[in-house]
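Structure first, then comments.
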Amino acid sequence: MILEGIEMLADADSLFEKRVVQLNSRPVDGGGDCIVYWMQRSQRAYGNLALKYAAGVANHLQKPLLVYFGLYDRYPMGSARAFRFMLEGLKETAAALGEHGVGFVFRREQPWVGVVSLAEQVRACAVVVDEDYLKTGRVWRSSAAERLRMRCVQVDADTIVPARNTPKEEWGAYTLRPKILKVLQDYLIDIPDTWPQRPFEAHVDSWRDITCEDPAALASSLDVEQKVAPVEWARGGHSKAVSRLNSFIDNKLPDYAQERNEIGVDCTSGLSPYLHFGQISPLEAALAVSGSDAPDESVDAFLEQLIVRRELAINFCLYNDKYDSLDGAPQWARETLERHRSDPRPEVYSLQELERAQTHDELWNAAQTELVSAGRIHGYMRMLWAKKLLEWSESPEDALARALFLNDKYALDGRDPNGYANIAWCIYGKHDRPFPSRPVFGRIRYMSTAAAKRKMRWQDYVSRVQKLNKNPLKSLHGADQNR
DNA sequence: ATCGGCTCGCGCAA
DNA sequence: TGCGCGAAGCCGAT
Numbered sequence: 000m001i002l003e004g005i006e007m008l009a010d011a012d013s014l015f016e017k018r019v020v021q022l023n024s025r026p027v028d029g030g031g032d033c034i035v036y037w038m039q040r041s042q043r044a045y046g047n048l049a050l051k052y053a054a055g056v057a058n059h060l061q062k063p064l065l066v067y068f069g070l071y072d073r074y075p076m077g078s079a080r081a082f083r084f085m086l087e088g089l090k091e092t093a094a095a096l097g098e099h100g101v102g103f104v105f106r107r108e109q110p111w112v113g114v115v116s117l118a119e120q121v122r123a124c125a126v127v128v129d130e131d132y133l134k135t136g137r138v139w140r141s142s143a144a145e146r147l148r149m150r151c152v153q154v155d156a157d158t159i160v161p162a163r164n165t166p167k168e169e170w171g172a173y174t175l176r177p178k179i180l181k182v183l184q185d186y187l188i189d190i191p192d193t194w195p196q197r198p199f200e201a202h203v204d205s206w207r208d209i210t211c212e213d214p215a216a217l218a219s220s221l222d223v224e225q226k227v228a229p230v231e232w233a234r235g236g237h238s239k240a241v242s243r244l245n246s247f248i249d250n251k252l253p254d255y256a257q258e259r260n261e262i263g264v265d266c267t268s269g270l271s272p273y274l275h276f277g278q279i280s281p282l283e284a285a286l287a288v289s290g291s292d293a294p295d296e297s298v299d300a301f302l303e304q305l306i307v308r309r310e311l312a313i314n315f316c317l318y319n320d321k322y323d324s325l326d327g328a329p330q331w332a333r334e335t336l337e338r339h340r341s342d343p344r345p346e347v348y349s350l351q352e353l354e355r356a357q358t359h360d361e362l363w364n365a366a367q368t369e370l371v372s373a374g375r376i377h378g379y380m381r382m383l384w385a386k387k388l389l390e391w392s393e394s395p396e397d398a399l400a401r402a403l404f405l406n407d408k409y410a411l412d413g414r415d416p417n418g419y420a421n422i423a424w425c426i427y428g429k430h431d432r433p434f435p436s437r438p439v440f441g442r443i444r445y446m447s448t449a450a451a452k453r454k455m456r457w458q459d460y461v462s463r464v465q466k467l468n469k470n471p472l473k474s475l476h477g478a479d480q481n482r
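Take the first sequence: its letter number 267 is residue 266 in numbering that gives the first Met the number 0, and every next letter is one higher.
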């Protein structure tokens, strides 16, 4: 029996319009036993459109729902820091799914292989997967979809306005913004969760080989960079994301418009690790912020970051395969960087000097120290940080490679579209316009440490970072000398 | 303290 | 085809 339940759901429910992509042309196996949702990026039980879609299909076919997560610890630049955060989130997610009658299978394996064997084992009718907008995950999904003997569909579950609402790569924020604002009110609505009517009752114990009951122990046992240690300021999980969101709204949002660029105080939300691992839905955050009584100016400034800039980054990665290469640069930027390729660099640091925050520039060193010890950099400082990498590297290619390496290695939100777009903006003018030419940078927008110091209470930033670092980082000085 | 110029190309209006 | 405008830039002039 072949059922078209998946198409019916996508057509009937406008919530899924432009979000669903069919990854293979195999039939939905109506004679199967369950629906499998392969959780990849959207690692949450609430506000998850991929989960909602899978539950809708399950209910349509009157089958139970099983969530699969494959833990792949050979992920490039994996660290104990990132894994513990992720596992803390998965522990909460597994518990929440269980309360709603959804099975959860957690295995340590290559997920794109594991999902295929699990789908056979549990006789899946169809497989639903969420979308991470990046190349690696795209390859994983298409490789699995090719081998699956049943229908596999992908759901864009981590945008507010669907990424495919715009069908091509955008030139800049100013081209995407009006397209988003035009339809935004239709998307800023509460979407109730859907749970399967039939609980998953089969024994899942025999299908899993690990548990996420003890995230710290599991993270420390993995074959990943253990010297990049977990951080204490951000523990993973949807509940932690929600309390961080609420305290941000109460304490920082009112001043966000004025203070977000003042590095002397930390007025940022700190939500990006949670958004990166899909531990909170961007819609949940946007609704909470727009419903707050903070000044409109602040609400708008935050929604600009959360929606316009974040979805511009997703648009970049989705439509431009070269998002992690200089080839992703606009023509004018490539030309200007080429023209200035052999300009003398006043300072060139080795990767090791950079990684250890040993430059002549104490403000830059503070940003690098914040990255290594906290797994984040203040938004404004991150721009200056990457701009200086362009100035202090032998070539733009080196600068880009070092920025991506350091960000992916240490940041809790590494390997995210936001990071790729940010670094591309800084180093090769992506989504930016040209500026008067200067050495090394050419027409790429320049930023100076001196100006930052003039404008901001930079000593407050430096001393805040020093406090972070008072428990001197093993990871700072014992940093791996790889590469 | 504020302002314009720098410089390119998209995308809309005409 | 013309024209407004853009992530947070810098710099010099008023």
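The C-beta atom is built at its ideal place from N, Cα and C for all residues, glycine as well. None of the values given here were measured: they were computed from a predicted structure.
query: Mapping the DSSP letters down to three states, classify residue 482 as helix, strand or coil.; result: Here the model assigns residue 482 a pLDDT of 31, short of 50, so the residue's position is not dependable and the matter cannot be decided.
query: Residue 123 and residue 35 - do their beta-carbons sit closer together than 8 Å?; result: yes
query: Whose CA, out of 363, 329, 280, lies closest to the CA of residue 450?; result: 363
query: What residues are listed by DSSP as bridge partners for residue 125?; result: 34, 150
query: With DSSP collapsed to three states, give me the class of residue 466.; result: helix
query: If you compare alpha carbons, which of 168, 390, 46, 395 is closest to residue 188?; result: 46
query: Taking its Cβ as the centre, do 16 or more other Cβ atoms sit within 10 Å of residue 135, making it buried, or is it exposed?; result: exposed
query: Would you mind stating whether residue 55 and residue 158 have Cβ atoms separated by less than 8 Å?; result: no
query: Output yes or no for whether 8 Å exceeds the beta carbon distance between residue 427 and residue 395.; result: yes
query: When you compare only the Cα positions, how much space is there between residue 432 and residue 329?; result: 10 Å
query: Helix, strand or coil for residue 475, going by three-state DSSP, please let me know.; result: The predicted position of residue 475 is uncertain, since its pLDDT is 45 and thus under 50; a value taken from the coordinates is nonetheless stated next. In the structure shown, residue 475 sits in a helix (DSSP, three-state: H, G or I).
query: Name the DSSP bridge partner or partners of residue 107?; result: 70
query: Please work out which residues of its chain come closer than 7 Å, Cβ to Cβ, to residue 199, disregarding the five sequence neighbours upstream and downstream, and give them in chain order.; result: 33, 63, 64, 65, 100, 101, 102
query: Answer with buried or exposed for residue 491, where buried requires no fewer than 16 other C-beta atoms within 10 angstroms of its C-beta.; result: No answer is possible for residue 491: the residues shown for the chain start at 0 and end at 482.
query: Straight-line CA distance for residue 234 to residue 88?; result: 8 Å
query: Which value, in whole angstroms, describes the spacing of the CA atoms of residue 97 and residue 70?; result: 19 Å
query: In angstroms with no decimal places, state the Cα-to-Cα distance between residue 28 and residue 18.; result: 22 Å
query: Among the residues of its own chain, which have a CB less than 7 Å from the CB of residue 320, if the five just before and after it don't count?; result: 134
query: Straight-line CA distance for residue 493 to residue 240?; result: There is simply no residue 493 to check, as the chain begins at 0 and stops at 482 in what is shown.
query: Are the Cβ atoms of residue 311 and residue 172 separated by less than 8 Å?; result: yes
query: I'd like to confirm the pairing. Which residues does DSSP put opposite residue 8 in its beta bridges?; result: Per DSSP, none; premise fails for residue 8.
query: Under 8 Å between the Cβ atoms of residue 225 and residue 79?; result: yes
query: Thinking C-alpha only, which one of 115, 268, 313 is nearest residue 167?; result: 313
query: Between the segment 363 to 383 and the segment 336 to 348, do three or more beta carbon pairs fall short of 8 Å?; result: no
query: So residue 21 is in the beta strand (DSSP E); what residue range does that whole segment cover?; result: 19 to 21
query: Quick check on the burial criterion: 16 or more other C-beta atoms within 10 angstroms. Buried or exposed for residue 474?; result: With a pLDDT of 43 at residue 474, under the threshold of 50, the modelled position of that residue is not reliable, and the figure given next carries that caveat. Buried, by the Cβ-count rule.
query: Looking at the strands, I want to know which residues DSSP matches up with residue 64.; result: 34
query: How far does the alpha helix (DSSP H) with residue 338 in it extend, from its first residue to its last?; result: 330 to 338
query: In angstroms with no decimal places, state the Cα-to-Cα distance between residue 125 and residue 60.; result: 10 Å
query: Once the 5 residues before and after residue 401 are set aside, which same chain residues still bring their CB inside 7 Å of it?; result: 350, 353, 388, 392
query: Which value, in whole angstroms, describes the spacing of the CA atoms of residue 414 and residue 370?; result: 14 Å
query: Taking the alpha-carbon positions, what's the residue 356 to residue 367 distance?; result: 6 Å
query: When DSSP labels each residue in this structure, what does residue 441 get in the three-state scheme?; result: strand
query: Can you name, in chain order, every residue of its own chain whose Cβ lies under 6 Å from the Cβ of residue 110, other than the five neighbours on each side?; result: 69, 71
query: Confirm, please, whether the CB-CB distance from residue 127 to residue 160 is below 8 Å.; result: no
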